[in-house]
Structure formats: C-alpha cells, structure tokens
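I have placed the structure first, in the form of structure tokens, so that the comments after it can refer back to it.
Residue numbers (my numbering), protein chains in the order written: chain P, 523 to 810; chain D, 435 to 822.
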C-alpha cells in the first residue's frame, strides 16, 4: 500500500462523490424551496435508465432525454405535492416505486442482454459537480429567483403577503431538482457502468439527502457532505479491490457484506451527530 | 403526516385507484405488444386458482357452472393466501407508524433481522446438522419462542430508528433506509460466516436448517400457507384494539395528529415514538420469522423480499386502518401471486405488478382540497368553534 493506493483512494472518492453531489444539489434546491424530496432516489434511477436507453442511439439524445425526463418527473412531484396536496413523502415513495418498477420492466423488455454504451467521460460529470455548488450559491444568494426560492422555503405566508406566489418558485425548484438528480443517474449509467442495471441507484438518493442535511441545506456544505460519504464508498471499493484482510475478535471485518455497510453506517452516524445543530428551512417541517 | 379517514370516500378512492392502475398498466402492456386481456386473465387465474378447462394436476378440483367447465387449484389459491401473510404484517407495521406520524420505511430491515434471529433460535437442537432433525425442544414451546425472537429482533431494530427520531431528530425515512442496508448486509454476513449452512457443497449465503420442532406445517400440501395467516389476522385485530381501546393507542393517535399539541397535553411524545417504532418493527420481525419457519426452514439471502416496501402500499391503500389493511393486503397478495403466475403463462415480467402498485399509491394519496386534518389539531379546533 504505497502512494498508488492513496491516489486511487482520492480519485475514487471524487468519482463516488460526483453523483452524490449532483443529486444533493437537487436536494438543496427542492428543500430550500420548502418541498421534501425523497424522490431523488427515483430520479437518479430514471436518469440512469433514460440516459442509457437514448444514449444507445446517440450521446446527445441521451443527455437531452435525461434533462427532459428529470424535469418532467420533477414537475410530477411538484404537482403532486403542491397542487394535489399529497404528503411529500408519499409522493416521493410512490414515484420511487413507479420508476423502480417501470425501469425494471422496460429493461427486461428493451435490452435483456445487457447492452453496453461508450457514453461520456466521467470527468465531464466531475467538473459539473465541482462547479454546480458555486453556481447554486450564487443563484440562491444573488439572484431574484434565488431570493424568492428561499423566501417561499422559509416562510410561504410572508412571501405570499409580499406578493410572491409560492407556486412558481417551488415548481421551478423541484423541476431543476429532478434535472440535477437525473444527471447524477446519467453519470452512473453513461460514464461509470456504461450499462443499466435495475435498482442501480442503490440508495444514493437517500445518501444525497443525508448530505444535504449534513451540509445544513447549504450547496457548498452539501457538496462537502457528498465528498465525505463518497470517501466511504471509495474506501469500501478500494478495500475490496485490494482484497485486504482484517480478522479481529473473530469478525471478518473486510467481508464484502460488512464493507458494504460502511457508507450507510457512516451516513447514519453523520446524521446522528450533525442534527440538532442544523436548522432546516422552516416550511419543511410545516409541510409535513 | 395527517390522514383523512373518512372511510366511505376512502373506499371509493381505493377502488377507483385500483381500476385506474389496471387501465394505465393495460395501456403499457398493449404498447409493449402484449394482450392486456390475456395478461389479466392469467393474473386472475393465478390470484384465485380458478381456471377454465379440465383439471391439470391431481389435486385440482373440476366443476361445472352451467355448461362452463372450470377447475380450482387449492395449491395456487393457498399460495395467494401465503403471500397475504407477510403483506398483512408489514402493512400493519407501517400503518401503526403512520398513526403516530412516522414513516417506517425500515420494515425490510426489521423483517430481515427478525428472520435471521428466528433462524438462529429455530436451530436450537439442530445447530451444525446437515439433515432436518427433530430438535430438542417441544413443538409448542419452540414455535412461540422463535416467533418471539423474530419480534424482539425486529422490534429492537425499529426502536433504534424511533430513538434516533425522538432523541436525535434524525428523520425516520433516512434512518430506516440506512438501517435497511445495514440489516441486509449484517444478516448476509452472518449467513456467510458465523451461521453458514454447514453443508460443504453450499456456496450461497444461507444458514443451516432449523429444527423440525420450529417448522410450521403447510395447511395445503406443498404450499407455503401456514398458521401464519391466522396470526396475521389476529395481529390486525390486536392493532385495532391497541389503537382504539387502550390508553397507549390514544396517545399514539394524538402524537400522529400533532406532536406539539400532544406534548402540550402532557403526552410523553419521545416515549410514544420509540414504543410505536418498536411495535412496528416487531410486527415486521414476526413476518420474517414466519417466512423462515413456514417456507425456507432456514435464513436465505433475500428472505424478506420486497414485502417491506409492498407494505407501504398496503398501508396507504388500506387507509392505515387495520381492517382496511386486511382488504388491501388481500388485494396485493392476489396481485403478487397472480403476477407470478402471469409471468409463467404469458412471459410478462412480474415486476409490472410494482407499476400497478406505484400508481395506486400515487392516486390514493391525491388530496387536492385542503382537508381539516391538514391543519394542526389546535388550529382546526379553533376554527371549528368559530364556524359553529
């Protein structure tokens, strides 16, 4: 285990953090506007599927489809939670279930052999994930749209009194959130695995949401959270690749099963230690 | 989380959602080149066990309605009933959480650990044996013991999420999702290492067989239907009794209607949250124990299947009411087993049933107009007084 191992770990951390950070930006947008969004998980899977399927024809088509599909399903979540007054958790779970079932069905029907695509460079997604948090900070702090978004998230009633209808900023935020998360999914299928497998989001949407809370609903903080969790995904992968063995107290600590727990256990630990000091956007708890 | 529980409109809404789900999926099936009618016929056959034509297997019963000849397969119908069992337990688990305003997405993990613990306790007197052995405990003691073990394991795992919510403010959706992944991997680890099937030819992550004293015998030969279904129905009655006939149930519902108001009224909200999650987890844990004792006779990777998530749909369609859940679990059990049968008959992937389920969840959840219960309890009361 020399420098090579360390470099591999750092690189792997960055690439594991990429989809988490992209989805987390979606989480920040939606939650700062006051809409709980656990549909991130489904949006990631959606982006992975759509990007792969249309990417089989051309990369451009793939990317276009990812953006459109993300926006459309974001619109659905916004419609369900805002217009139809559905509980946001129910809407999120329903959409996640719908996307998981539909993509599994369509994958079996459309490409049972498991095709591969050349896809896109992972560096492209990495760069986007690096720039987007700063762009989002600027948007939230410096633009009229950002101000309105925060206003309807912190206090929809006051916003309404100031003449800002919560509807438009929220719809915009949740649609953009869908786009961000589905781009995260596109990374998984188009740049990382070069194929689509059912349920390949594997809880990354929920981990991204944890990164948002970890980063106290701030884009840069959420990106930091994504890096933190990405590190544990990377550590798990590197330990498995290197077949490093550690048997202590009769427990096979480096068993793939236990290593798989690592990112999830660390996410849980991070949530336990950070919450209480973090204040969510006020409208989130009201909407529940 | 507030649920409007006007039972009549809820039933109407549920039936409408189910119909819409089938219509939408019918269009999807048609678009992908299947005949929806043929598919739904196979689905109905698999769900009920009733087919047209002469009996195929020895155990099938033939009958005539007028000149129409049909046959009934007790085995197929028993499999539907067997699928209802874990759905009913998981649906109750999630509904109990919803009543206290909690989304227990962790039934999967709680069920998995319940299954693993029941497999461990069920193996008392049989540890290390390659063949099924009678075991050292009497049947009447071993079965309840293994079930209890499953309930305790699931309950503790649920209580952990309850504790994190009550004392640390961690949203239960996130904590239970993480706990699901951890539970699945822990159980698989144990099945691969410490509790691995002693059979040297076995490569899969599974434990050794449990003692026969902890087996549940099938009610219909070869099927997975056991006394577990009766336990599930009893659990539904139990949950109804708990919610509407005990002080604890009253407190659970009060917390669900508004934690702040409940706290003001002197209800120990944290304790209620933890207790509710413990009971919710225990119900899911029993579901896992039953799968082990009645079907696999050991823990195998994926014992909990998708029941934990299906339970969410069961609870929501059932309006979070135990008796509504008996109906919705029956529906989803029929849908699930019907889809298995349909996959064999028509080659339609059974995962299409998940799409039906998702559409139902989304449509049942639609509200559009603000119901009274969408406001905090105290506010609604004040306004009621003003109006009256």
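Each residue gets a CB set at the ideal place from its N, CA and C atoms; glycine is no exception.
The alpha helix (DSSP H) enclosing residue i, as first and last residue numbers
i                     : result
residue 498 (chain D) : Counting along the chain, residue 498 (chain D) falls outside any alpha helix (DSSP H), though it belongs to the beta strand (DSSP E) covering 495 to 499.
residue 599 (chain P) : 581 to 600
residue 599 (chain D) : 573 to 602
residue 744 (chain D) : 741 to 751
residue 783 (chain D) : It is not in any alpha helix (DSSP H) - residue 783 (chain D) carries neither H nor E in the DSSP assignment.
residue 801 (chain D) : First-last for residue 801 (chain D): undefined, no H or E at that position.
residue 763 (chain P) : 741 to 763
residue 705 (chain D) : 703 to 725
residue 549 (chain P) : 525 to 554
residue 675 (chain D) : 662 to 679
residue 694 (chain P) : 689 to 708
residue 555 (chain D) : 541 to 556
Cut-off 7 Å between Cβ atoms - residues of its own chain near residue i, not counting five sequence neighbours on either side
i                     : result
residue 678 (chain P) : 556, 688, 805
residue 822 (chain D) : Summary for residue 822 (chain D): the model assigns pLDDT 29, below 50, so the residue's position carries little reliability, and this model does not support an answer.
residue 604 (chain D) : 598
residue 711 (chain D) : 531, 536, 538, 592, 593, 595, 596
residue 764 (chain D) : 518
For residue i, three-class secondary structure by DSSP
i                     : result
residue 645 (chain P) : helix
residue 827 (chain D) : There is no way to answer for residue 827 (chain D), as the model of chain D reaches only from 435 to 822.
residue 432 (chain D) : With chain D covering 435 to 822 only, the question about residue 432 (chain D) has no answer from this structure.
residue 769 (chain P) : strand
residue 734 (chain D) : strand
residue 646 (chain D) : helix
residue 559 (chain P) : coil
residue 468 (chain D) : coil
residue 437 (chain D) : A caution first: residue 437 (chain D) carries a pLDDT of 46, below 50, which makes its placement in the model unreliable, though a value can still be read off. Residue state, collapsed to three classes: coil.
residue 821 (chain D) : For residue 821 (chain D), the pLDDT reaches just 36, beneath the cut-off of 50, and the residue's location in the model is therefore unreliable, leaving the point undetermined.
residue 664 (chain P) : helix
residue 607 (chain P) : coil
residue 719 (chain P) : coil
residue 727 (chain P) : helix
residue 782 (chain P) : helix
residue 621 (chain P) : helix
residue 714 (chain P) : helix
residue 674 (chain P) : helix
residue 651 (chain D) : coil
residue 537 (chain D) : coil
residue 793 (chain P) : helix
residue 491 (chain D) : coil
residue 656 (chain D) : coil
Boundaries (first-last residue) of the beta strand (DSSP E) holding residue i
i                     : result
residue 614 (chain D) : No beta strand (DSSP E) holds residue 614 (chain D); the alpha helix (DSSP H) holding it covers 606 to 626.
residue 506 (chain D) : 502 to 506
Nonlocal neighbours in the same chain, by C-beta distance under 6 Å from residue i, ignoring five residues either side
i                     : result
residue 563 (chain P) : 618, 723, 727, 728
residue 704 (chain D) : 600
residue 437 (chain D) : Confidence at residue 437 (chain D) is low in this model, with a pLDDT of 46, below 50, so its placement is unreliable and no value can be given for it.
residue 585 (chain D) : 716, 719, 720
residue 551 (chain D) : 583, 584, 587
residue 670 (chain P) : 686, 691
Opposing strand residues paired with residue i [DSSP bridges]
i                     : result
residue 630 (chain D) : D:641
residue 465 (chain P) : Because chain P here runs from 523 to 810, residue 465 (chain P) falls outside it and cannot be looked at.
Outcome for residue i when other beta-carbon atoms lying within 10 angstroms are tallied against a minimum of 16
i                     : result
residue 447 (chain D) : buried
residue 527 (chain P) : exposed
residue 649 (chain D) : buried
residue 502 (chain D) : exposed
residue 529 (chain P) : exposed
residue 789 (chain D) : buried
residue 634 (chain D) : exposed
residue 595 (chain P) : buried
residue 709 (chain D) : buried
residue 721 (chain P) : exposed
residue 698 (chain D) : exposed
residue 651 (chain D) : exposed
residue 656 (chain D) : exposed
residue 566 (chain D) : exposed
residue 638 (chain P) : exposed
residue 495 (chain D) : exposed
Close Cβ partners of residue i (< 8 Å) along its chain, the five nearest in sequence each way excluded
i                     : result
residue 667 (chain P) : 661, 691, 694
residue 777 (chain D) : 783, 784
residue 475 (chain D) : none
residue 792 (chain P) : 732, 736, 747, 750, 751
residue 705 (chain P) : 544, 569, 588, 589, 592, 647, 650
residue 456 (chain D) : 474, 790
Residue i CB to nearest heavy atom of the ligand FMN below 7 Å
i                     : result
residue 615 (chain D) : In the structure shown, the ligand FMN is absent, as is every other ligand, since no ligand is present at all.
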